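Visitor: This note's numbering puts the sequence shown at residues 22 to 176. For glycine and all other residues, C-beta sits at the position ideal for the given N, C-alpha and C. On a predicted model such as this, the values are computed, not experimentally measured, just so you know. Shown below is the structure under consideration.
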Amino acid sequence: MDLEKFSIVNKTKGKLPGLPFVNIIRKIKDDILGKDYSLSIVFVDEKKSQEVNRTYRQKDNSTNILSFPLNKKEGEILLCPAVIKREAPNFDKNFEGWLGFLVIHGALHLKGMEHNDRMEKTEKKYDKKYFDRNRYGISNDKNNRRRIFGGRNKS
22 MDLEKFSIVN KTKGKLPGLP FVNIIRKIKD DILGKDYSLS IVFVDEKKSQ EVNRTYRQKD
82 NSTNILSFPL NKKEGEILLC PAVIKREAPN FDKNFEGWLG FLVIHGALHL KGMEHNDRME
142 KTEKKYDKKY FDRNRYGISN DKNNRRRIFG GRNKS
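Listed below in structure tokens is the structure:
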């Protein structure tokens with residue numbers, strides 16, 4: 022793995038998700054943007070999120086995510102964990118699930134996509150690919166449940 026092509030910086034006082042989750046984020050980056058794309062993910066507090074949002078989008082509030090393409094092969098995603106934690110229940114997700122979805126969203130923006138039906142379909146595809154599983158990697162698809170060790174159901 023080329024560590025120079027992917028970095029995570031924590032500018033908050035909080036603890037971030039662990040290595041397994043970071044590896045999923047790296048796979049999302051490689052899948053959507055490519056292995057040669059250099060991506061920095063920066064976690065910021067609400068004050069910094071609001072400051073950057075005001076400066077670049079003229080919106081005076083903190084936000085969950087901001088994406089900045091620096092050139093065709095390099096970009097940065099700013100994420101605000103405090104906002105993400107607050108929003109997650111509204112989207113029927115836990116913190117990591119909503120954070121992962123937002124990384125997908127930001128990566129698609131860095132790839133050049135804009136908000137539209139095509140982007141929503143693409144987000145759903147990657148969300149299902151990477152996060153439609155529980156923490157044990159077992160699909161949450163109720164129509165696709167299989168016994169792991171065989172045997173019959175007891176009635």
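#1: Which stretch, first to last residue, makes up the alpha helix (DSSP H) that contains Tyr112?
#2: Per the DSSP calculation, Gly96 is bridged to which residue(s)?
#3: Assuming Lys93 contacts Lys69 under a Cβ cut-off of 8 Å, what Cβ separation, rounded to an integer in Å, is found between them?
#4: Using three-state DSSP, classify Ser83 as helix, strand or coil.
#5: Alpha carbons only, please: which of Ser61, Leu120, Leu91 and Asn115 is nearest the one belonging to Thr84?
#6: By DSSP's criteria, Phe122 is part of a beta bridge. Which residues make up the other side?
#7: Look at the Cβ atom of Leu100, then the Cβ atom of Val73, and state whether they are nearer than 8 Å.
#8: Is there contact here, the stretch 41 to 53 with the stretch 113 to 129, by at least three beta-carbon pairs under 8 Å?
#9: Do Leu40 and Leu131 come within 8 Å of each other at the CB atom, strictly closer than that value?
#10: With distance defined between alpha-carbon atoms, name the residue in Glu97, Asp113, Ile86 and Gly96 nearest to Val104.
#11: Near Gly118, what residues of its chain come up, given a Cβ to Cβ distance below 6 Å and the 5 sequence neighbours on each side ignored?
#12: Tell me the DSSP secondary structure of Asn137 in three-state form.
#13: With DSSP as the reference, please indicate the residues paired to Phe27 in a beta bridge.
#14: Taking the beta carbon of Phe27 as the centre, do at least 16 other beta carbons fall within 10 Å, making it buried, or is it exposed?
Guide: A quick look at the data gives this:
#1: Here residue 112 is Phe; the residue named in the question, Tyr, does not match the sequence. Per DSSP, Phe112 belongs to no alpha helix (DSSP H) and is neither H nor E.
#2: Leu60 and Pro90
#3: Rounded, the Cβ-Cβ distance is 27 Å, inconsistent with contact.
#4: coil
#5: Leu120
#6: Answer is none; Phe122 lacks a bridge partner.
#7: no
#8: yes
#9: no
#10: Ile86
#11: Phe152
#12: coil
#13: Leu60
#14: buried
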